[in-house]
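With numbering that gives the first Met the number 0 applied, the sequence shown covers 0 to 591. Backbone N, C-alpha and C define an ideal beta-carbon position, used for all residues, glycine too. Note that the coordinates shown come from a computational prediction; the quantities given were computed from them, not determined experimentally. Before any comments, here is the structure.
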Amino acid sequence: MPYPPYDLHALMYELKEAADGGMVDARDLSRLTTLVLDRLGCATGGEAFDRLYADWRELPRGTLMSGLRAGHILAVLPMLRFDQTISDPRREEELRREAKEFGPAGNTWQGTIATVSASSGLQQMDDPAQLESEIARLEEARPLLPPGSLQREVLEYHHAGLRVHLAQLTGGEDDFDSAVEDLARFSDSSLFTDEQRLAGAGQLAMFRTHQAMRREDEEALTEQIRVLESVLDRFPPGHMDRLGLEAHLTNAGAALELLRARRAGRMPGADTSPGPASPEELRRRIAELPRDARIDRLTALGGTRVSQAMMARDHQGALDAQQMLEDALDLLDDPDDVRWIRSAFTLGMSHCGLAVWSAAPHRDRFRHLDQGIAWLRHTWRLAAGPEHPSWGSTGSALADAHRFSGDVAHLYDPSAKRPHHDEAQRIGLESLKAAAWTVLLQSGTAHAAETARRAGEEAVSVARWCLADGAHADAVRALDAGRGLALHAATVAATVPDMLNALGRDDLVDEWRRAGTVPAYVPAGDPLTGAPPPPGGPGSRLRRRVLEALAASRCAGGCWTPRRPRRSPAPCARSATRHSSTSCPPPRSSPV
Numbered sequence: 000m001p002y003p004p005y006d007l008h009a010l011m012y013e014l015k016e017a018a019d020g021g022m023v024d025a026r027d028l029s030r031l032t033t034l035v036l037d038r039l040g041c042a043t044g045g046e047a048f049d050r051l052y053a054d055w056r057e058l059p060r061g062t063l064m065s066g067l068r069a070g071h072i073l074a075v076l077p078m079l080r081f082d083q084t085i086s087d088p089r090r091e092e093e094l095r096r097e098a099k100e101f102g103p104a105g106n107t108w109q110g111t112i113a114t115v116s117a118s119s120g121l122q123q124m125d126d127p128a129q130l131e132s133e134i135a136r137l138e139e140a141r142p143l144l145p146p147g148s149l150q151r152e153v154l155e156y157h158h159a160g161l162r163v164h165l166a167q168l169t170g171g172e173d174d175f176d177s178a179v180e181d182l183a184r185f186s187d188s189s190l191f192t193d194e195q196r197l198a199g200a201g202q203l204a205m206f207r208t209h210q211a212m213r214r215e216d217e218e219a220l221t222e223q224i225r226v227l228e229s230v231l232d233r234f235p236p237g238h239m240d241r242l243g244l245e246a247h248l249t250n251a252g253a254a255l256e257l258l259r260a261r262r263a264g265r266m267p268g269a270d271t272s273p274g275p276a277s278p279e280e281l282r283r284r285i286a287e288l289p290r291d292a293r294i295d296r297l298t299a300l301g302g303t304r305v306s307q308a309m310m311a312r313d314h315q316g317a318l319d320a321q322q323m324l325e326d327a328l329d330l331l332d333d334p335d336d337v338r339w340i341r342s343a344f345t346l347g348m349s350h351c352g353l354a355v356w357s358a359a360p361h362r363d364r365f366r367h368l369d370q371g372i373a374w375l376r377h378t379w380r381l382a383a384g385p386e387h388p389s390w391g392s393t394g395s396a397l398a399d400a401h402r403f404s405g406d407v408a409h410l411y412d413p414s415a416k417r418p419h420h421d422e423a424q425r426i427g428l429e430s431l432k433a434a435a436w437t438v439l440l441q442s443g444t445a446h447a448a449e450t451a452r453r454a455g456e457e458a459v460s461v462a463r464w465c466l467a468d469g470a471h472a473d474a475v476r477a478l479d480a481g482r483g484l485a486l487h488a489a490t491v492a493a494t495v496p497d498m499l500n501a502l503g504r505d506d507l508v509d510e511w512r513r514a515g516t517v518p519a520y521v522p523a524g525d526p527l528t529g530a531p532p533p534p535g536g537p538g539s540r541l542r543r544r545v546l547e548a549l550a551a552s553r554c555a556g557g558c559w560t561p562r563r564p565r566r567s568p569a570p571c572a573r574s575a576t577r578h579s580s581t582s583c584p585p586p587r588s589s590p591v
């Protein structure tokens, strides 16, 4: 069937009119995507992009019309991405170049196209290099727009949003914190309507809860939970962001209960509050969204419902939530999509949890455990290495699952214990490499110390396994991997210019030196005010690029493993021989 003719300029006007009518209900979002697909006579967002690009290629190149049309396609692309994942960096770059070189020369038009194009990064990009390029394009376009203008405010908002997204992908806590503060500046901006400001307050509270959970700050987490509850109370029933905020509120409540239980020395209690809706009602509401938005909601809500079901030992509830995650995976076209890894990880954790917490019937527990290990192993392979923020945590969870499997299998088949325990040690030790990467990524000793403390807890767990199995040399490796990471990071940072010089990366050396001096390691912040030391020296975005360059070479050397101290701080009674010793891990009741 031939495509109908279309007028892209008229379509842009229709989209503006539709958006000006308000974007609150999930159906509002679907209406925009449907409008574009109907006008182009296409069934999917990918097909629509193919048609727009092919028609553009028929135009004479290097003309004002070609540049204008390229800009219009970039402006429509975010609407198409609500329907389907579209990732074609080559064609997008070709359109951007044409719009920049031959589109209208006015600064406002050029700056606006750069901003609208960058909004795609907030939707689907999960490649740090692509996000860095989008951020750089916004910074290049910034001088084109007058300070204080509406267009400049939109650009700054997208700039902060992209930095938050990049930090979430790569684990740079300093850039996450600074980007969240930049977003907070827009809380009362005239840029947004009252409805948009309310949604922005909810989004900001989501980011603040992440900060509070990272710092294990009960008071701050409680305050942000109140903010989320207040926002949801004022949301209309069909608001497109309601499902996401409800899921995050549930997760924040569970995190707060875990912190309180840990402080009180008790097991966390099950969440007895009713869920926001039944599984059937959730599916009905999700079905109203465009296809790609459905993936986001299924992933987020599936993870939340799994956590609730696990806490309540609700086997059927967990199975219903797992089905939501599997539905999200069925909708994903690309297994490299970050949402694929997130859903697969949650599926693996939930299957293991059903066995470990005895939430499943006894006859089903080994099946759930085997499925969980398979999902986690696949996720760990996809994450590929310590540069991926999920690699370390996934490996740690996989090691825990193998350890538990060996303990349980021993009751029925003594020969099965050793292979699972050996695999737990191997994966656990391998995953500790992520600790050095993550600490080296942080700018400032406060973030490095937070990250190092968490890594130390993981290292102690692996060391205990090794000691229990008589693998004393591996216990030393585990403890060395988790000890003194913040000091190690500061020491390595001082040698970075020399290593980069050896690689011939003068560009990175210059950036590193321009960023300032890496602060000397101190174990705490201001002793009078209790304030953490400010970040100093190169930020996490530059650190990530440097670490990737070093990891791709042989110059990294001992970057990923702290050096052993000349003398262990304490001899361990359980030594391999009379003449060998390891550092004793603290007892289970002791803080690390």
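Three-state secondary structure (DSSP) of His238:
His238: strand per DSSP, three-state reduction.
Taking Leu39 as the reference, which of Leu28, Val495 and Leu51 has the closest Cα?
Closest in alpha carbon position to Leu39, among Leu28, Val495 and Leu51, is Leu51.
What does the alpha-carbon distance come out to for the pair Leu190 and Arg366?
53 angstroms
Which of helix, strand or coil does DSSP assign to Cys41?
coil
According to DSSP, simplified to helix, strand and coil, what is Arg184?
coil
Counting Cβ pairs, one atom from each stretch, are 3 or more of them under 8 angstroms apart for the stretch 377-392 and the stretch 341-359?
yes
Buried or exposed for Glu547, going by 16 or more other Cβ atoms inside 10 Å?
exposed
Less than 8 angstroms between the C-beta atoms of Gln167 and Thr107, yes or no?
no
Closest Cα partner of Ala204 within the set Val230, Ser148 and Leu255:
Val230
Please confirm whether Leu381 and Pro334 have their CB atoms less than 8 angstroms apart.
yes
Specify whether the stretch 155-163 and the stretch 424-443 touch according to this definition: at least 3 beta carbon pairs, one from each stretch, less than 8 angstroms apart.
no
Alpha-carbon spacing of Pro127 relative to Leu466, whole angstroms:
39 angstroms
Cβ of Glu217 within 8 angstroms of Cβ of Leu257?
no
Distance between beta carbons of Ser430 and Ala398, contact taken as under 8 angstroms
7 angstroms
Cβ neighbours of His420 in the same chain (closer than 6 angstroms, five flanking residues each side left out)
Gly405 and Asp468
Backbone secondary structure at Met266 - three-state DSSP
coil
Where Glu287 sits in the DSSP three-state scheme:
coil
Within 10 Å of its beta-carbon, does Thr192 have 16 or more other beta-carbons around it, so buried, or fewer, so exposed?
exposed
Straight-line gap, Leu368 to Leu484 (C-alpha atoms, nearest Å)
Taking the CA atoms as reference points, Leu368 sits about 33 angstroms from Leu484.
Could you check if Gln223 is buried or exposed, using at least 16 other CB atoms within 10 Å of its CB as the buried criterion?
buried
On a CA-only basis, which of Val475, Ala104, Ala354 and Gln129 is nearest Arg89? Give me that one, please.
The option with the nearest alpha carbon to Arg89 is Gln129.
CB of Ala359 within 8 angstroms of CB of His314, strictly
yes
For a test of the three-state rule: what should DSSP assign to Leu10, helix, strand or coil?
helix
Ordered along the chain, which non-local residues of its own chain (more than five positions away) have a Cβ less than 8 angstroms from that of Met266?
Excluding sequence neighbours, Met266 sits near Ala260.
By Cβ distance below 6 angstroms, which residues in the same chain neighbour Ala354 in space, the five residues on each side in sequence not counted?
Arg364, His367 and Leu368
Which of helix, strand or coil does DSSP assign to Ala435?
Ala435 falls in the helix class under three-state DSSP.
State buried or exposed for Trp436, treating a residue as buried only when at least 16 other CB atoms are found within 10 Å of its CB.
buried
Ile85 beta carbon less than 8 angstroms from that of Leu79:
yes
What residue from Gly160, Leu143 and Gly147 has the CA that sits closest to Ala117's CA?
Gly160
Which class does His409 belong to by DSSP, given the choice of helix, strand or coil?
In this structure, His409 counts as coil in the three-state DSSP scheme.
Gly45 versus Pro146 - alpha carbon distance
36 angstroms
Report, in whole angstroms, the separation of the C-beta atoms of Thr32 and Asp87, which I expect to be a contact under 8 angstroms.
Their Cβ separation, rounded to whole angstroms, is 18 angstroms, which puts Thr32 and Asp87 out of contact at 8 angstroms.
Which residue comes first and which comes last in the alpha helix (DSSP H) that contains Ala135?
Pro127 to Ala140
Please list, in chain order, all residues of the same chain as Glu215 whose beta carbon is under 8 angstroms from its beta carbon, the five residues on each side excluded.
Leu258
Give me, in chain order, the residues of the same chain whose beta-carbon lies closer than 8 angstroms to that of Leu63; leave out the 5 immediate sequence neighbours on both sides.
Here the set comprises Phe101, Gly102 and Pro103.
Beta carbon of Ala492 nearer than 8 angstroms to that of Gly536:
yes
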